[in-house]
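Participant: Once you've had a glance at the structure underneath, I'll fire off some questions.
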Amino acid sequence: MYKNISKIDRSKAAGPKRRGRLLLYGFLAAVVLAAAGHYMFSEELETTFYHLYSPKVAAGENIRVVVLSDLHNREFGPDNADLLERIAALNPDLIAVAGDMVNADEENLDVVLTLCSGLVEIATVYYSPGNHESNLMYEKGSPIESLLLERGVHVLVNRAEEADIHRTPLLIGGLTTSTEDYEEYGAEFFEEYENSSAFKLLIAHYPSLYYEYLADGNIDLGICGHYHGGQFRFPVVGGIYHGDTGLFPKYNAGMYKLANGTIFVSRGMGGHNGLPRINNRPELAVIDINGRQETQ
């Protein structure tokens, strides 16, 4: 009986080829997993862009707002030079700071003061404190508010300032109270604030204010932070967790249309609780507010 030599030879050759394919597939899988892991745990700053139309903005004009929140003493480059360079390149009309740029358990204010000294050279800065600044100011007697004012920052603690940008009157407010303290410290201010006919831009650190008290508030754009984008973000589901709300915090990142206005919730830029940001890169947000098209 004759042996089928060609069949035996092909069989012997198949082994190394199969092993080669398995090695290749394994290598590709490792590359994909490494890339996915790098992306999901990336701490690289991401610039995001949002657009809002308002008939209150003068015809043919655009107002650009850069939003910062929840830095928690983090630095992007020495003295936040990389962050300042990126913001300057965006050419904003104003910079809205939605609080928690510091940590309440750290008395050193060098990071936020150095950053704000650079920000005021780029555009007017409106800063509404978050819970960490409030803790420093009211519990520890920190001079952070006066030091920010000395550097030309407009600090808004339950008050508002008028501004005129590109032929458009604005009323820029800061609401610093939490939901628990709103009726005692914030309600009177907001009731007067929402009666203005100007474009109302309200910086309020806590998104939870819009769950109830401000849900029907007459504002044009609300800017919030605090939730850190829900810490862990997944497709469709969005943000997963925050210590204040537990699982699936409402209004955790991005823009939301409400009954009488729009709010934007920043994912923030840092953290303080030791939890990693998963699929949730630090965010530098840009909001372009467009007016009516000019008629020919």
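For the sequence shown, position 213 matches number 238 in my numbering, and the numbering has no gaps at all. Note that beta-carbon positions come from the ideal geometry of N, C-alpha and C, so glycine has one too.
For D189, report the span of its beta strand (DSSP E) as first-last.
Facilitator: 184–190
Participant: For L58, I'd like the list of residues in its chain whose CB is within less than 6 Å of its CB, leaving aside the five on either flank, ordered along the chain.
Facilitator: For L58, the predicted structure reports a pLDDT of 48, less than 50, and the residue's modelled location is therefore unreliable. The matter cannot be settled from this model.
Participant: Quick check on F101: does DSSP put it in helix, strand or coil?
Facilitator: coil
Participant: Can you give me the Cβ contacts of F52 inside the same chain, cut-off strictly under 8 Å, excluding the 5 residues immediately before and after it?
Facilitator: With a pLDDT of only 49 at F52, under the threshold of 50, the placement of this residue in the model should not be trusted, and no figure is reported.
Participant: In the DSSP assignment, the beta strand (DSSP E) including A310 goes from what residue to what residue?
Facilitator: 308–315
Participant: Quick one: grab the DSSP three-state call for A121.
Facilitator: In the displayed model, A121 falls within a strand according to three-state DSSP.
Participant: Could you pull out every unbroken beta strand (DSSP E) segment of at least 3 residues lying fully inside the stretch 176–248, listed in chain order?
Facilitator: 184–190, 193–200, 224–229
Participant: Give the C-beta separation of E308 and G293 to the nearest angstrom, bearing in mind that I take them to be a contact with Cβ-Cβ under 8 Å.
Facilitator: 7 Å
Participant: Quick one: residues in its chain with C-beta nearer than 7 Å to the C-beta of G69, no 5 flanking neighbours on either side, listed in chain order?
Facilitator: It should be pointed out that residue 69 corresponds to Glu in this sequence rather than to Gly. Closer than 7 Å at Cβ, skipping near neighbours: R306.
Participant: Please report the distance separating the alpha-carbon of C230 from that of N128.
Facilitator: It should be noted that the sequence gives His, not Cys, for residue 230. Looking at the two C-alpha atoms, the distance is approximately 15 Å.
Participant: Taking T149 as part of the beta strand (DSSP E), name the residues at either end of that continuous run.
Facilitator: T149 -> beta strand (DSSP E) spans 149–152.
Participant: With distance defined between alpha-carbon atoms, name the residue in G211, H76, L115, V92 nearest to H251.
Facilitator: Here the closest residue by C-alpha is V92.
Participant: Among E213, G254, E170, which has the Cα closest to the Cα of N183?
Facilitator: Nearest option by C-alpha distance: E213.
Participant: Distance check for H76 and L195, CA to CA, integer angstroms please.
Facilitator: Using only the alpha carbons, I get a separation of about 17 Å.
Participant: Is the distance from the Cβ of V311 to the Cβ of T149 below 8 Å?
Facilitator: In this structure, T149 does not lie closer than 8 Å to V311 by Cβ.
Participant: Specify, as a first and last residue, the run of the beta strand (DSSP E) that L93 falls within.
Facilitator: Residues 87–93.
Participant: Excluding the 5 residues flanking M126 on each side, which residues of the same chain have their C-beta closer than 6 Å to its C-beta?
Facilitator: L96, V137
Participant: Output the distance between the C-alpha atoms of Y281 and T139, rounded to the nearest integer angstrom.
Facilitator: Taking the straight line from one Cα to the other gives about 32 Å.
Participant: Applying the criterion that 16 or more other CB atoms from any shown protein chain within 10 Å of the CB defines a buried residue, is S159 buried or exposed?
Facilitator: buried
Participant: Comparing alpha-carbon positions, which option in E217, P260, H297 lies nearest H253?
Facilitator: Here the closest residue by C-alpha is H297.
Participant: Give the range of the alpha helix (DSSP H) segment to which I112 is assigned.
Facilitator: 106–115
Participant: Identify whether V262 lies in helix, strand or coil by the three-state DSSP scheme.
Facilitator: DSSP, read as helix, strand or coil, puts V262 in coil.
Participant: Just mark D269 as buried or exposed, buried being the case when its beta carbon has 16 or more other beta carbons within 10 Å.
Facilitator: When all chains shown are included, D269 counts as exposed.
Participant: Return yes when the Cβ of L134 is within less than 8 Å of the Cβ of L172, no when it is not.
Facilitator: yes
Participant: Is it buried or exposed, Y78, if we count other Cβ atoms within 10 angstroms and call 16 or more buried?
Facilitator: exposed
Participant: Between the alpha carbons of D130 and N220, how many angstroms are there, rounded?
Facilitator: 38 Å
Participant: Is V137 helix, strand or coil by DSSP?
Facilitator: helix
Participant: Where I190 and V90 are concerned, what is the direct C-alpha to C-alpha distance, given to the nearest angstrom?
Facilitator: 11 Å
Participant: Taking Cβ to Cβ, would you say T193 is nearer than 8 Å to A123?
Facilitator: no
Participant: Among F224, Y163, Q318, V262, which residue has its Cα nearest to the Cα of N285?
Facilitator: Ranking the options by Cα distance to N285, first place goes to F224.
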